[in-house]
Amino acid sequence: MTDTPIADTTTEAPLKRKGVKRRAFLIGGVAIVGAGLFGISIADSNATKDAKARITGEGEHSFATWLKISEDDVITIYSPHTDIGQGSNTGLAQMLAEELDAAWEQVRIVSAPAEPAFANVGLGRGFMAEMTGQPAIINGIPQSFLSFIARQMNLQITGGSTALRFTGQMTFQKVGAATRLALMETAAKRLNVPTAELTTQDSRVIHAKSSQSLRYGELAAEAATLSLDNEPKLKDPTQYRLMRQSMQRLDIPAKVDGSVQYGMDFAIPNMRVATIQAAPVRGGKLTSVDTAPALAIKGVEKVIKLDDAVAVVAKGYWPAISGLRALAPSFSDGGNAGISTASIFKAHDALFAKGEADGEAGEGDVQAGLGAKPIEAKYQVPFLHHAMMEPFALTAQYKDGKLDIWGGMQDPLATKMMAVEVSELDADDVTFHPMIIGGSFGRRLPMYMEIVSQVTKLAMQLPYPVKLIWSREEEVAQGAYRPQSSAVLTASLTDKKRIAAFRNDYAQPESAESETVFPYILPAVSRRHFAHVSNQQTGAWRSVNSTQQGFYNESFMDELAHAASEDPVIFRRNHLKADSRHLRVLDEVAARSGWNTPVPAGRGRGVALVESFKTIVAMVVEASVGADGMPKVHKVTTVVDAGSIVNPDAAMAQIEGGTIMGLSSAIGEAITLDKGKVQQSNLSDYLLLTMAQSPLVQDIHFLNSGAQMGGIGEPGVPPAAPALANALFAATGKRVRNLPIMTQAKG
80 MTDTPIADTT
90 TEAPLKRKGV
100 KRRAFLIGGV
110 AIVGAGLFGI
120 SIADSNATKD
130 AKARITGEGE
140 HSFATWLKIS
150 EDDVITIYSP
160 HTDIGQGSNT
170 GLAQMLAEEL
180 DAAWEQVRIV
190 SAPAEPAFAN
200 VGLGRGFMAE
210 MTGQPAIING
220 IPQSFLSFIA
230 RQMNLQITGG
240 STALRFTGQM
250 TFQKVGAATR
260 LALMETAAKR
270 LNVPTAELTT
280 QDSRVIHAKS
290 SQSLRYGELA
300 AEAATLSLDN
310 EPKLKDPTQY
320 RLMRQSMQRL
330 DIPAKVDGSV
340 QYGMDFAIPN
350 MRVATIQAAP
360 VRGGKLTSVD
370 TAPALAIKGV
380 EKVIKLDDAV
390 AVVAKGYWPA
400 ISGLRALAPS
410 FSDGGNAGIS
420 TASIFKAHDA
430 LFAKGEADGE
440 AGEGDVQAGL
450 GAKPIEAKYQ
460 VPFLHHAMME
470 PFALTAQYKD
480 GKLDIWGGMQ
490 DPLATKMMAV
500 EVSELDADDV
510 TFHPMIIGGS
520 FGRRLPMYME
530 IVSQVTKLAM
540 QLPYPVKLIW
550 SREEEVAQGA
560 YRPQSSAVLT
570 ASLTDKKRIA
580 AFRNDYAQPE
590 SAESETVFPY
600 ILPAVSRRHF
610 AHVSNQQTGA
620 WRSVNSTQQG
630 FYNESFMDEL
640 AHAASEDPVI
650 FRRNHLKADS
660 RHLRVLDEVA
670 ARSGWNTPVP
680 AGRGRGVALV
690 ESFKTIVAMV
700 VEASVGADGM
710 PKVHKVTTVV
720 DAGSIVNPDA
730 AMAQIEGGTI
740 MGLSSAIGEA
750 ITLDKGKVQQ
760 SNLSDYLLLT
770 MAQSPLVQDI
780 HFLNSGAQMG
790 GIGEPGVPPA
800 APALANALFA
810 ATGKRVRNLP
820 IMTQAKG
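In our numbering, the protein residues as written are 80 to 826.
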């Protein structure tokens, strides 16, 4: 979480909200029974009025919460998504401005307030349509009802590659088109001409017959009083001027000239800085600490004990971290001292041996199809850290009964409500001020982190504002990691080199079923989840479960192709539906990569095909192994079918970044445990891909299939690891079944 990973151009990475399907419909049922549709309509009207009051001033006029047009023609769009560097806000602006026929140079996009009135109804509609598989039914639900649900769920999240494909398509395009119609209706009345004779362009309504035109700014006040069409007709793509164009990202100038502020930059008068150390073994508690060594350091003002952590408050970060390092706190281990990387894998093996899955999906009689001599392979992947560039930094001030918090979070509204819960203040007395983020990949979702609770507790005890900064060491040791996971894959082949049955047994905390796609057409398939939970906090990591499942399935497909003595591309083709998007993407990547041409001596090519977030990505990696046993990636060819692309340059950047992240996780990244404690301490021993290890060439191509829009921020990650592993087998004859590769090379 890319919003993630997000066309949609997210690095935002990924979304995984527990129980969201059940929760949405429970809330919906309560709403109907308790409030009634009339009450919901009133609540929706009040929310619209609240949104208008928060964003408009003199000479400014709002439309459907998300859009403001000033009388000087400036168009301001309020995004319910956070800028994490992924460029999705520019894509959202393109989508709304396209349908509005706005002058691009007059468009601005800013963060929506972290308030219930700005809960993301389009996101909620998209989630429910995808989860239920009944988009027609969801689209028939009244807008006011869906808005009510979104507010009850505090839905303002960035992740899951949802910004453009949900918010953009389901809200922003419609707001732009409906506002354009309202402006035209107002202009027709003023000019006393039929609306049908009017056109729009560059923030003007034009009547060609009389050579008259009116600016949006001079029409906005009256147009804002009209009821907007909830389902306006959208443009045909052949009419696009802004969408599908590589427009310069709106966030870049301020980032280049340094005028933009991140959470780490933020400061207010009289502010103190704090840093913190939590129990090194998750689940442990603070048992004792002598505060004197910290208080003896110049600049340190206070040491605050929390249930499972100790914080030092000082006049700057250096005295704060120096004071923390001077302490020798004692923590319990919460009974988790016996947990290690090895013990978790051993527990996975025990679950597989027992054979009692927590969930199963698929079709056909797999057991009968496997026969007496099935092919089997076991794969293992470690915990993965998000390794975002900007460590956590939130500033909070409790004054006159009100709490304000500043910083970058992937779900500002949920962050506000978490602070409300911790502080026990009324929601009207807590304000979260969203800021841009220096990387996240799913790490800054409030349900997976402690810093919101920590900074709230500190602020409530201090007479001055405090910025809480997590050191890089704390951030590595207290992550919300991608789960450590194992899988045993089993299959059988017919005498015609076809898969007769395929089983994927995997162990990790949560099921991957709702988030991953198995694209191959087989007589019998089974996917069984074996739940295992350790003491570690696990959460959404860019592309969520598609990274593990992509590695397992595509590595095993290569093994089956080898067992069948068949080319890996041909083998995959023979198990894909004819004329399918998957087949087209696979064929395209084979052609563009020169799959059937010779490779230089010592190199191999590997292929992988993964669908995630409604986007299909095929990747061919060309790699070799150096004298030190380390892989060297020479070239990556990627073909992407995301349905349609909003901003080609931004999409290209997301696939490039996703590929690097996928390769990095395959080659060197791992969080390991010993005696319940994370062994890595910083980026010096959490090994990210270096510039020298990165591919020399990335050749990326997009197919505009016209299918439903998919995500972009996250789908570039999953094929990278299996494509690399398969390339290394082609080069060396040795299979990679356990990640990271560096551990095996050094072993």
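Glycine residues also receive a C-beta, built at the ideal position from the N, C-alpha and C atoms.
Assigned secondary structure, residue i (DSSP; H/G/I helix, E/B strand, else coil)
{"i": "residue 817", "result": "strand"}
{"i": "residue 736", "result": "helix"}
{"i": "residue 684", "result": "strand"}
{"i": "residue 211", "result": "helix"}
{"i": "residue 692", "result": "coil"}
{"i": "residue 133", "result": "helix"}
{"i": "residue 583", "result": "strand"}
{"i": "residue 194", "result": "coil"}
{"i": "residue 612", "result": "coil"}
{"i": "residue 801", "result": "helix"}
{"i": "residue 123", "result": "helix"}
{"i": "residue 388", "result": "strand"}
{"i": "residue 625", "result": "helix"}
{"i": "residue 520", "result": "coil"}
{"i": "residue 661", "result": "helix"}
{"i": "residue 428", "result": "helix"}
{"i": "residue 513", "result": "strand"}
{"i": "residue 380", "result": "strand"}
{"i": "residue 103", "result": "For residue 103, the pLDDT reaches just 41, beneath the cut-off of 50, and the residue's location in the model is therefore unreliable, although a value from the coordinates is still provided. Note: residue 103 maps to helix in three-state DSSP."}
{"i": "residue 727", "result": "helix"}
{"i": "residue 445", "result": "helix"}
Anticipated Cβ contact below 8 Å, residue i with residue j, distance rounded
{"i": "residue 712", "j": "residue 700", "result": "6 Å"}
{"i": "residue 638", "j": "residue 820", "result": "At roughly 17 Å, the Cβ-Cβ gap does not stay under 8 Å, so residue 638 and residue 820 are not in contact."}
{"i": "residue 466", "j": "residue 762", "result": "7 Å"}
{"i": "residue 328", "j": "residue 393", "result": "No, residue 328 and residue 393 are not in contact; Cβ-Cβ is about 38 Å, not under 8 Å."}
Spatial distance of residue i from residue j (CA atoms)
{"i": "residue 629", "j": "residue 798", "result": "6 Å"}
{"i": "residue 153", "j": "residue 146", "result": "11 Å"}
{"i": "residue 508", "j": "residue 128", "result": "19 Å"}
{"i": "residue 758", "j": "residue 619", "result": "21 Å"}
{"i": "residue 458", "j": "residue 625", "result": "15 Å"}
{"i": "residue 235", "j": "residue 124", "result": "19 Å"}
{"i": "residue 683", "j": "residue 599", "result": "24 Å"}
{"i": "residue 333", "j": "residue 514", "result": "13 Å"}
{"i": "residue 587", "j": "residue 534", "result": "31 Å"}
{"i": "residue 760", "j": "residue 121", "result": "53 Å"}
{"i": "residue 464", "j": "residue 614", "result": "15 Å"}
{"i": "residue 414", "j": "residue 766", "result": "29 Å"}
{"i": "residue 510", "j": "residue 471", "result": "19 Å"}
{"i": "residue 111", "j": "residue 303", "result": "At residue 111, the pLDDT of 45 sits below 50, so the modelled position is not reliable; the number obtained from the coordinates is stated separately. About 30 Å."}
{"i": "residue 262", "j": "residue 532", "result": "46 Å"}
{"i": "residue 279", "j": "residue 790", "result": "30 Å"}
Nonlocal neighbours in the same chain, by C-beta distance under 8 Å from residue i, ignoring five residues either side
{"i": "residue 377", "result": "398"}
{"i": "residue 185", "result": "152, 153, 154, 282"}
{"i": "residue 354", "result": "390, 391, 396, 399, 400, 403, 547, 548, 549, 550, 553"}
{"i": "residue 817", "result": "458, 459, 460, 823"}
Sequence-distant residues of its chain with Cβ nearer than 7 Å to residue i (five each side left out)
{"i": "residue 106", "result": "Reliability of the predicted coordinates at residue 106 is poor, the pLDDT of 41 falling under 50, and the value obtained from them is presented with this limitation in mind. Taken in chain order, the residues that qualify are 228, 231, 232."}
{"i": "residue 784", "result": "660, 720, 722"}
{"i": "residue 254", "result": "142, 143, 145, 146, 175"}
Chain-order list of residues whose beta-carbon lies under 6 Å from that of residue i (same chain, five-residue window excluded)
{"i": "residue 468", "result": "517, 518"}
{"i": "residue 113", "result": "Here residue 113 scores only 45 on pLDDT, less than 50, and its place in the model is too uncertain to base an answer on."}
{"i": "residue 669", "result": "648"}
{"i": "residue 481", "result": "508"}
{"i": "residue 580", "result": "445, 448, 449, 571, 603"}
{"i": "residue 655", "result": "661, 662"}
Chain C contact for residue i (CB, 9 Å cutoff)
{"i": "residue 802", "result": "Absence of chain C from the displayed structure is noted, only one protein chain being present."}
Check your understanding: Are at least three pairs of beta-carbons, each pair with one atom in the segment 800 to 818 and one in the segment 615 to 633, less than 8 Å apart?
Key -> Three or more Cβ pairs drawn from the segment 800 to 818 and the segment 615 to 633 lie within less than 8 Å of each other, which places the two stretches in contact.
Practice item. Indicate whether the contact test is met: 3 or more Cβ pairs, each with one atom in the segment 520 to 527 and one in the segment 485 to 493, closer than 8 Å. Key: yes
Point to revise | Given 8 Å, three or more beta-carbon pairs between the segment 545 to 557 and the segment 344 to 352 | key: yes
Practice item. State whether the segment 307 to 325 contacts the segment 171 to 190, with contact taken as three or more CB pairs (one from each stretch) at a distance under 8 Å. Key: yes
Review point. Pairing CB atoms from the segment 411 to 427 with CB atoms from the segment 743 to 758, are three or more of them under 8 Å?
Key: yes
Check your understanding: Is the segment 765 to 774 touching the segment 644 to 653 in the sense that three or more CB pairs, one from each, lie closer than 8 Å?
Key -> no
Practice item. Determine contact between the segment 375 to 392 and the segment 400 to 417, defined as no fewer than three beta-carbon pairs at a distance below 8 Å. Key: yes
Review point. Do the segment 186 to 206 and the segment 129 to 137 touch if we need at least three Cβ pairs shorter than 8 Å?
Key: Result yes; three or more Cβ-Cβ pairs closer than 8 Å.
Check your understanding: Using 8 Å as the threshold, is the segment 600 to 615 in touch with the segment 437 to 450, meaning 3 or more CB pairs across them?
Key -> yes
Point to revise | Meets three-Cβ-pair contact criterion under 8 Å: the segment 306 to 316 and the segment 268 to 275 | key: Too few Cβ pairs lie closer than 8 Å, so no.
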